[in-house]
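Protein chains in written order, with the working numbering: chain X, 1 to 151; chain W, 1001 to 1151.
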């Protein structure tokens, strides 16, 4: 089963692809980025087209999409939510079932402890995917963590 | 010029269409609705497809899309923002330029007063569109108000 993990953001959406049928399940990871100088509509459009492209090349059977962490900055959260809406729409258009996961669920499933530090989650990601170093940026590693949760 | 006003929501997105080339600019208004028992992905997908249909039948030249009012209920705001993301994506896919308007901007442009009560905004909508009664539900009237702002 090919699993696509996504950590949504308007400027940077982390993605991670794993294939549970392989001895070494790691396939690829990275970020879908949009430039800050474009308006929101253009950025959402670019994000949607980049995800469509990623789906076309990675053929995921299912997706794990992080829920939005609701921090202090409302306007950032609102932009992230709009980006997440586009990601869910594109996944649904491609008939890819989605599991939504909160940051707490991801930490809890991977480490057994919902308040685990990021470094501990990253350590589990490295170990389970036989990686020597943590993928950068963090959004890509977070996306792999989400994908591992439903593996 | 045909203007599409939108008041985003996951369960109910108000829409209003006006045609400024006509003596009576009112064309139509209503709501795009999604059932609460579906999951978020399915609701976003339905919303996107309904908007595509509305665009295909109304041929708007431009859209006025309300910004999200950030109230006490964070999870409602996050769902609304995800819906708004899909609306912006579909508009951009159809090459329809978007103007984003805050509730304060809409009130201010239509009544000259940013803290005007809803009834006063609705009165302007009725007057400018030669309507005897305020369209129902409120979301449809709000969408017409947004459209009038860029007329």
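Heads up, the beta-carbon is just placed ideally off N, CA and C, and yes, glycines get one too.
Partners in chain W for residue i, counting only beta-carbon separations shorter than 9 Å
{"i": "residue 130 of chain X", "result": "None at all; the shortest Cβ gap to chain W is about 32 Å."}
Close Cβ partners of residue i (< 7 Å) along its chain, the five nearest in sequence each way excluded
{"i": "residue 1143 of chain W", "result": "1005, 1006, 1007, 1014, 1015, 1016 and 1029"}
{"i": "residue 1044 of chain W", "result": "1082, 1083 and 1086"}
{"i": "residue 1122 of chain W", "result": "1134 and 1141"}
{"i": "residue 34 of chain X", "result": "10, 11, 43, 46 and 47"}
{"i": "residue 1070 of chain W", "result": "1077"}
is_contact[residue i, chain X] using C-beta, thresh 7 Å
{"i": "residue 1044 of chain W", "result": "yes"}
Own chain residues within Cβ distance below 6 Å of residue i, not counting five before or after
{"i": "residue 50 of chain X", "result": "32"}
{"i": "residue 1131 of chain W", "result": "none"}
{"i": "residue 61 of chain X", "result": "1 and 2"}
{"i": "residue 114 of chain X", "result": "104, 107 and 108"}
{"i": "residue 1139 of chain W", "result": "1007, 1012, 1014 and 1031"}
{"i": "residue 1020 of chain W", "result": "1001 and 1151"}
{"i": "residue 38 of chain X", "result": "none"}
{"i": "residue 94 of chain X", "result": "55"}
{"i": "residue 79 of chain X", "result": "10"}
Whole-Å CB distance - residue i paired with residue j, under 8 Å assumed
{"i": "residue 1009 of chain W", "j": "residue 83 of chain X", "result": "With 8 Å as the limit, residue 1009 of chain W and residue 83 of chain X do not qualify as a contact, their Cβ atoms being about 18 Å apart."}
Option in the options with minimal Cα separation from residue i
{"i": "residue 11 of chain X", "options": "X:18, X:41 and X:22", "result": "X:41"}
{"i": "residue 1091 of chain W", "options": "W:1117, W:1107, W:1139 and W:1054", "result": "W:1054"}
{"i": "residue 67 of chain X", "options": "X:127, X:114 and X:106", "result": "X:106"}
{"i": "residue 1052 of chain W", "options": "W:1119, W:1096 and W:1036", "result": "W:1096"}
{"i": "residue 1128 of chain W", "options": "W:1093, W:1147, W:1038 and W:1059", "result": "W:1147"}
{"i": "residue 1100 of chain W", "options": "W:1018, W:1025, W:1026 and W:1145", "result": "W:1145"}
{"i": "residue 1102 of chain W", "options": "X:75, X:116, X:80 and X:117", "result": "X:75"}
Any chain W beta carbon closer than 7 Å to residue i
{"i": "residue 1 of chain X", "result": "no"}
{"i": "residue 98 of chain X", "result": "yes"}
{"i": "residue 74 of chain X", "result": "yes"}
Partners in chain X for residue i, counting only beta-carbon separations shorter than 8 Å
{"i": "residue 1068 of chain W", "result": "78"}
Interface residues of chain X facing residue i [CB-CB closer than 9 Å]
{"i": "residue 1084 of chain W", "result": "78, 81, 82 and 85"}
Beta-carbon neighbours of residue i, restricted to chain X and to distances below 7 Å
{"i": "residue 1089 of chain W", "result": "44, 45, 48, 86 and 89"}
Under 8 Å from the C-beta of residue i: neighbouring residues of chain W
{"i": "residue 92 of chain X", "result": "1041, 1042, 1044 and 1045"}
Cutoff 8 Å; reference residue i; Cβ partners in own chain excluding five residues on either side
{"i": "residue 88 of chain X", "result": "65 and 98"}
{"i": "residue 1036 of chain W", "result": "1011"}
{"i": "residue 1111 of chain W", "result": "1120, 1121 and 1124"}
{"i": "residue 59 of chain X", "result": "2"}
{"i": "residue 137 of chain X", "result": "12, 14 and 31"}
{"i": "residue 25 of chain X", "result": "18, 19, 128, 129 and 151"}
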